[in-house]
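Take a look at the structure set out below.
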Amino acid sequence: MDPFSRRTVLRAAAAGTAGLAAAAPVTAGADVAADQARQRAFAAAAAEFGVPEQVLLGVSYLQSRWESHGGSPSTGAGFGPMHLTDVRTVAAGGSHHDKGTEDPRGDLARAVLRPVEPQHATPVPALQTVDLAAELTGEHPEALRTDATQNIRGGAAVLAHYQRELGVRSTNPADWYGAVARYSGATDSDAAAFFADEVFRTISGGASRVTGDGQSVRLAATKVSPARGQLRSLALPACARGDVEAPSDVSAEWIPAPYQQTGSGAGDYGNYDKAERPQSQQITHIVIHDTECTYDAALGLVQDPTYLGWHYTLRSTDGHIAQHILTKDVGWHAGNWYVNAKSIGVEHEGFAAQGTWYTEAVYRTSAKLVRYLADKYRIPLDRQHILGHDNVPGTLPSTVAGMHWDPGPYWDWSHYFDLLGAPLRSWARQSTGLVTIRPDFATNQPGFTGCDSAGAACTLRGSSAVILRTEPRDDAPLLPDPGLHPGGSASTMDVSDVGSRASAGQQYAVAEVRGEWTAIWFLGQKGWFRSAAAVPALGQVVTPKPGLASVPVYGRAYPEASAYPANITPQELTPLQYTFAAGQKYAAGPVLPSEYYWSTTFDPATHVVVRGETNYVQIQFGHRVAYVKTEDVVIQRP
């Protein structure tokens with residue numbers, strides 16, 4: 000018998016062996032709204048497989064927030080509302096190099112770093128839960144990946160199967176803790192417990208939202224005291240936290256990057272630099288990345304001394320954290336040495352280059368980690384200090400085009416800042432001349448291209464990105480970006496092209512308003528977007544000082560030449576290829592000291608922080624930030 004045509008038999012078997020009464024699937028009536036279809040699917044699957052509906056909704060929320068994502072995979076090769084994993088169908092061959100050609104170290108005092116991907120970067124197979132779901136339901140894996148209703152059925156069947164293997168017969172949600180922990184796919188008890196605890200926290204607090212495809216789903220708050228003792232029956236090992244710097248309530252372990260010599264020269268070493276931050280330099284930024292490879296491959300890369308190094312890697316399926324470099328030390332991750340020297344790099348398992356989506360589990364652990372680090376180092380929780388790698392500027396005109404663009408337009412910055420406890424709300428009661436970009440993530444679905452090697456249209460899904468136009472109309476050309484597109488050609492809708500794109504949480508100075516359209520100053524020109532995608536903001540702007548026709552814009556906030564000791568060659572203060580002219584305004588970020596961390600040798604005793612008299616203001620200049628000298632500008636309220 001064809002295994003995918005035995006649906007009726009398998010449904011009965013799954014429900015019967017659960018030892019629970021199997022209710023018939025709920026049939027939608029003509030009077031039931033179409034936007035309730037997913038809610039009904041959860042209720043029907045819960046009844047069919049004997050899973051408490053609250054548990055099914057809670058697990059799905061922590062994986063996908065009930066989204067179907069058009070049948071496209073997550074960063075952890077998971078599909079649909081229940082995140083059924085199918086690594087075989089996901090082209091998991093990305094790498095850091097797919098996101099640009101930047102030198103991850105970005106220090107012109109040293110040779111350009113072009114690390115070679117070692118053989119161990121080949122993706123390691125992950126869970127294959129879609130196969131188990133297919134066996135339990137009789138549905139074909141393709142349907143389980145792409146049909147939201149069948150995906151929910153598959154997830155319910157897998158949960159019920161895990162519960163049966165635990166030997167627990169109960170309709171009480173509290174007694175499903177072990178099955179939920181196992182569903183996470185975690186390989187250690189800490190990660191499994193974190194996932195299950197977050198699921199039951201969601202159940203106790205309740206949740207409701209409208210998905211990107213218009214489905215209204217609600218989980219009513221139900222106070223539950225889960226049976227956490229069931230975790231022991233999974234026999235998972237505990238994590239070795241070691242020297243890890245992370246909150247106590249997340250799953251984290253210490254997997255160190257090597258600091259070792261790779262050749263006979265004083266500068267032949269990898270893959271980070273020793274430092275004594277914050278005593279030597281203040282840590283002012285946290286940079287959010289994605290890996291462009293699987294979690295296991297990323298661990299292999301960061302442990303290679305000939306490769307590059309970052310501070311943390313987060314696993315997609317359950318949010319598990321691995322720390323590789325102490326935060327006092329400087330990683331080679333952002334492609335800009337000034338930013339590297341003053342930041343912490345956090346990598347998330349993911350594939351921005353393939354248009355994949357991020358799980359709720361990774362959002363939650365990342366937010367906990369970043370909030371912990373921000374509190375430790377007194378870093379403000381805003382988009383001027385919590386940067387995407389795609390917001391880091393090129394160091395010189397020649398490096399702008401090669402800068403990376405992760406975590407990409409599908410990272411939900413608004414939701415992330417909600418989880419950070421710093422929501423992107425408007426505190427202004429009226430127009431201020433400054434706006435915060437804040438589209439509705441679920442319904443804001445730009446038509447990007449290039450999520451596969453053929454350059455085809457990407458799956459439409461929610462995005463943080465707001466597309467800018469040269470005129471206030473939907474069919475107007477995109478803005479040109481002379482750094483990304485020399486010669487004056489317009490930007491494109493390729494998923495990697497940030498030349499005409501603002502992002503949620505970023506603040507810009509208003510240049511003009513016409514009807515339902517707003518223009519902001521962006522890379523020396525006006526960029527138009529529909530005003531509903533932003534809210535008034537409070538803050539400051541910078542303008543050129545009176546009498547200056549324009550001011551130079553820099554990719555690094557380095558000291559003046561006279562500040563360098565005689566044995567250290569001064570770094571050139573070369574402006575980027577953009578124009579900041581009189582009459583333009585840009586949102587002001589932090590005022591930063593001019594510093595250069597000279598650390599070109601293996602011996603940290605020789606490292607020097609060069610400090611100058613010049614100060615800079617970080618500005619939101621385009622999609623990326625930039626720096627202008629305080630002596631060139633006026634900082635004011637708009």
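Under numbering that gives the first Met the number 0, the first residue of the sequence shown is numbered 0, with each subsequent residue one higher.
Positions of the beta carbon are idealized from the N, C-alpha and C atoms, including for glycine.
Predicted model, so just to flag it, every value in this text is computed and none were measured.
For a cut-off of 8 angstroms, the C-beta gap from isoleucine 324 to leucine 386 is around 18 angstroms, too long to register as a contact. The three-state secondary structure of tryptophan 336, taken from DSSP, is helix. A Cβ-Cβ contact shorter than 8 angstroms links valine 209 with alanine 441.
Sorting Tyr585, Pro603, Arg610 by C-alpha distance to the C-alpha of tyrosine 595 places Arg610 at the top.
Counting only the Cα atoms, threonine 542 lies some 10 angstroms from alanine 587.
For arginine 529, the enclosing beta strand (DSSP E) stretches over residues 524 to 529. Under the 8 angstroms Cβ criterion, the segment 233 to 247 does not count as touching the segment 195 to 205, having fewer than three qualifying pairs. Under the criterion of beta carbons closer than 8 angstroms, alanine 297 and glutamate 252 do not qualify as touching, at roughly 14 angstroms.
Cα atoms of valine 590 and valine 633: separation of roughly 12 angstroms, rounded to the nearest angstrom. Annotated three-state conformation of histidine 414 is helix, per DSSP. Restricting attention to Arg144, Val157, Ala503, Thr201, the CA atom closest to the CA of glutamate 47 is found in Val157.
A direct Cα-to-Cα measurement between aspartate 295 and proline 277 gives close to 31 angstroms.
Taking every protein chain shown into account, the CB of arginine 64 has 16 or more other CB atoms within 10 angstroms, so this residue is buried. Pairwise C-beta distances place the segment 342 to 361 in contact with the segment 396 to 416, as three or more of them are shorter than 8 angstroms. Leucine 300 sits in a helix when the DSSP states are folded into three classes.
Taken through DSSP and simplified to helix, strand or coil, asparagine 390 comes out as helix. In terms of Cα proximity to arginine 472, the closest of Thr448, Thr458, Thr517, Thr74 is Thr517. Two segments are said to touch when three or more pairs of C-beta atoms, one from each, lie closer than 8 angstroms; by this definition the segment 443 to 453 does not touch the segment 543 to 551. In this structure the segment 599 to 613 does not lie against the segment 419 to 434, because fewer than three pairs of beta carbons, one per stretch, are closer than 8 angstroms. Where leucine 131 is concerned, the enclosing alpha helix (DSSP H) starts and stops at 128 to 136. The alpha-carbon of alanine 508 is positioned some 20 angstroms away from that of leucine 575. In this structure the segment 101 to 108 lies against the segment 384 to 404, because at least three pairs of beta carbons, one per stretch, are closer than 8 angstroms.
The three-state secondary structure of proline 445, taken from DSSP, is coil.
Taking lysine 375 as reference, the option from Gly401, Ile343, Asp389, Arg529 with the minimal CA-CA separation is Ile343. Looking at the DSSP output, threonine 312 sits in a beta bridge with Ala321, Glu346. Under the three-state reduction of DSSP, serine 365 is assigned to helix.
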